[in-house]
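Enquirer:
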Amino acid sequence: MKKLIASLGLAGLLAANLAAAHPDHDAAPMRMRAVELSAKATASGASIQVTENGKTVSTAGATGSLTLAGAGQKSIVLTPAGGNTMVTTGTAKIAPGTKAQATIVFDETTMSIIDVTVN
2 MKKLIASLGL AGLLAANLAA AHPDHDAAPM RMRAVELSAK ATASGASIQV TENGKTVSTA
62 GATGSLTLAG AGQKSIVLTP AGGNTMVTTG TAKIAPGTKA QATIVFDETT MSIIDVTVN
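Mapping of the sequence shown onto this note's numbering: residues 2 to 120, in sequence order.
1. Is the distance from the Cβ of Thr52 to the Cβ of Val106 below 8 Å?
2. Skipping 5 residues on each side, what residues in its chain have a beta carbon closer than 6 Å to that of Ser39?
3. Can you give me the Cβ contacts of Gln102 inside the same chain, cut-off strictly under 8 Å, excluding the 5 residues immediately before and after it?
4. Let me check one thing: in DSSP terms, what residues is Ser39 bridge-paired to?
5. Report, in whole angstroms, the separation of the C-beta atoms of Ile95 and Val119, which I expect to be a contact under 8 Å.
6. Alpha carbon to alpha carbon, what distance is there between Asn85 and Glu37?
7. Within 10 angstroms of its Cβ, does Ala35 collect 16 or more other Cβ (buried), or is it exposed?
8. When DSSP labels each residue in this structure, what does Ser76 get in the three-state scheme?
9. Taking Cβ positions, are Asn32 and Thr110 nearer each other than 8 Å?
This is how it looks when you write it as structure tokens:
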């Protein structure tokens, strides 16, 4: 009987430990937002304009990154630049025709991941 109680106690501790090792599943899942992006090469890197169904989308408070395709897979931070524009900061020149993947997080629950070509 003591072995059964000890085994049940050990099983309970193991179950409690496993439950504590998992993240909180009550958080709302991220929602993908269908937006269109237009990427243009600039003197300081690139700028990206965000639209949705032909209307501008505010990038105020958004965060993002631009991952350049190729051997290096270089990731560059995107910051809001007013209106519907996000820009790279402190980067080298990005050549027109460069393929990249833009990831933009609009708020805690909405994001977009889109392949773009810098023109």
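For each residue, glycine too, the CB sits at the ideal point set by N, CA and C.
Expert: In this structure, then:
1. Sequence index remark: in the sequence shown, residue 52 carries index 51 (1-based). Sequence index remark: in the sequence shown, residue 106 carries index 105 (1-based). No, the Cβ-Cβ distance between Thr52 and Val106 is not below 8 Å.
2. Translated into positions along the sequence shown, residue 39 becomes position 38. So the list reads Gln50, once near-sequence residues are dropped.
3. Sequence index remark: in the sequence shown, residue 102 carries index 101 (1-based). Listed in chain order, the non-local C-beta contacts of Gln102 below 8 Å within the same chain comprise Leu67, Thr68, Ala70, Ile114, Ile115, Asp116 and Val117, local neighbours out to five positions each way being set aside.
4. As a working mapping, residue 39 is identified with position 38 in the sequence shown. For Ser39, which the question treats as bridged, DSSP gives the partners Gln50.
5. Translated into positions along the sequence shown, residue 95 becomes position 94. Translated into positions along the sequence shown, residue 119 becomes position 118. Contact between Ile95 and Val119 holds, with the beta-carbon distance rounding to 5 Å and staying under 8 Å.
6. Counting from 1 along the sequence shown, the entry for residue 37 is found at position 36. Counting from 1 along the sequence shown, the entry for residue 85 is found at position 84. Those two C-alpha atoms are separated by around 11 Å.
7. Looking up residue 35 in the sequence shown gives position 34. With fewer than 16 other Cβ atoms within 10 Å, it is exposed.
8. Position 75 of the sequence shown, counted from the first residue, corresponds to residue 76. DSSP places Ser76 in the strand class (E or B) of the three-state scheme.
9. Within the sequence shown, numbered from 1, the residue matching residue 32 stands at position 31. Within the sequence shown, numbered from 1, the residue matching residue 110 stands at position 109. As written in the sequence, residue 32 is Arg, which differs from the Asn given in the question. Closer than 8 Å, so yes.
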